[in-house]
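Numbering (my numbering), first residue to last: 2 to 206.
Below, the structure is given as C-alpha cells:
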C-alpha cells in the first residue's frame with residue numbers, strides 16, 4: 002500500500018474516501034486533561050531524578066563519596082543488627098560442625114596450609130631462576146609485571162618453567178610488584194634474603 006493511497010483514502014478495500022478531519026467523540030479514548038497532567042508530573046520527576054544523579058556523580062567523581070556512603074550504611078547496619086548477624090553466623094557454624102564434624106575443619110585448614118606452602122614454594126623457585134640468570138635480590142623484589150613485557154631477559158622465562166608457573170598462580174592484587182607476600186604486599190629486602198636462604202637449605206637437605 003502506498004502512503005499516498007492511504008492518505009487519499011483510495012487504498013484497496015476502501016469503498017469510500019477516509020476523512021482526515023475525524024475527531025473522536027468524548028469518551029472514545031481521548032486522554033483527559035487530568036491524566037495528561039499526572040503523566041507530565043511523573044515524567045518531570047523521572048527527569049529531575051536522572052539529572053540530580055548525574056550532577057552528584059559528576060561533582061564527586063574524583064572523591065570517595067559513594068564509598069563513604071556505602072561504608073556508613075554498612076556501619077549503621079552492623080550497629081543495628083550486629084548481634085543478630087553474630088547469632089546467625091554462630092548457628093551456621095554449629096550446623097556445619099554437626100553435619101560434617103571437626104574432621105571437616107581440620108581437612109579444610111590443612112588444605113589451605115598446603116595451598117599457601119605450594120604458592121610460596123613456587124614463588125621462591127621463580128626467584129631462584131632469576132638469581133641464576135644474574136639478577137640480584139634487590140633488583141628482583143623491585144620487578145613489576147610491566148617489566149616482564151619490556152625486559153627482553155625476562156620474556157623467555159615467562160613462557161615455561163617456574164616463573165611461568167608462578168605467574169599462573171600469582172594472587173590477584175592491585176599491587177603491580179611481580180613477587181608478593183602471602184598478604185599481597187611487596188617483598189622486603191631482609192625477609193627475601195632470609196626466605197631464599199631457607200629455600201636453598203631445604204633443597205640441599
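Ideal Cβ placement from N, Cα and C applies to all residues, glycine included.
Segment limits, alpha helix (DSSP H) that includes residue 184:
Here residue 184 belongs to no alpha helix (DSSP H), and DSSP marks it neither H nor E.
For residue 76, write down the residues that DSSP places opposite it in a beta bridge.
DSSP output for residue 76 lists no bridge partner at all.
If we ignore side chains and look at the alpha-carbon of each, how far apart do residue 77 and residue 65 end up?
18 Å
Taking the continuous alpha helix (DSSP H) assigned at residue 165, which residues delimit it?
163 to 170
Closer than 8 Å is the cut-off here; do at least three beta carbon pairs connect the region 132 to 139 with the region 170 to 187?
no
Residue 243 to residue 182, Cα distance in whole Å?
Because residue 243 is not part of the residues shown, which for the chain are 2 to 206, the question remains open.
Less than 7 Å between C-beta atoms, sequence neighbours within five positions excluded: which residues of the same chain meet that for residue 166?
123
Report, in whole angstroms, the separation of the C-beta atoms of residue 170 and residue 120, which I expect to be a contact under 8 Å.
6 Å
Counting along the chain, where does the alpha helix (DSSP H) carrying residue 158 start and finish?
No alpha helix (DSSP H) contains residue 158, which DSSP labels as neither H nor E.
Since residue 149 and residue 161 should fall inside the 8 Å C-beta cutoff, what is the C-beta to C-beta distance between them, to a whole number of angstroms?
Not a contact, Cβ separation roughly 14 Å.
Beta-carbon spacing of residue 178, residue 144 below 9 Å:
yes
Per DSSP, residue 145 is paired with what?
178
Quick check: what's the CA-CA separation for residue 80 versus residue 184?
29 Å
Residues in the same chain with beta-carbon distance under 6 Å from residue 187, minus the five sequence neighbours each way, listed in chain order, please.
178
Take the Cβ of residue 128 as the centre, count every other Cβ of all protein chains shown within 10 Å, and call the residue buried at 16 or more, exposed below.
buried
Whose CA, out of 151, 163, 118, lies closest to the CA of residue 133?
163
Mind checking whether residue 125 and residue 52 have CB atoms under 9 Å apart?
no
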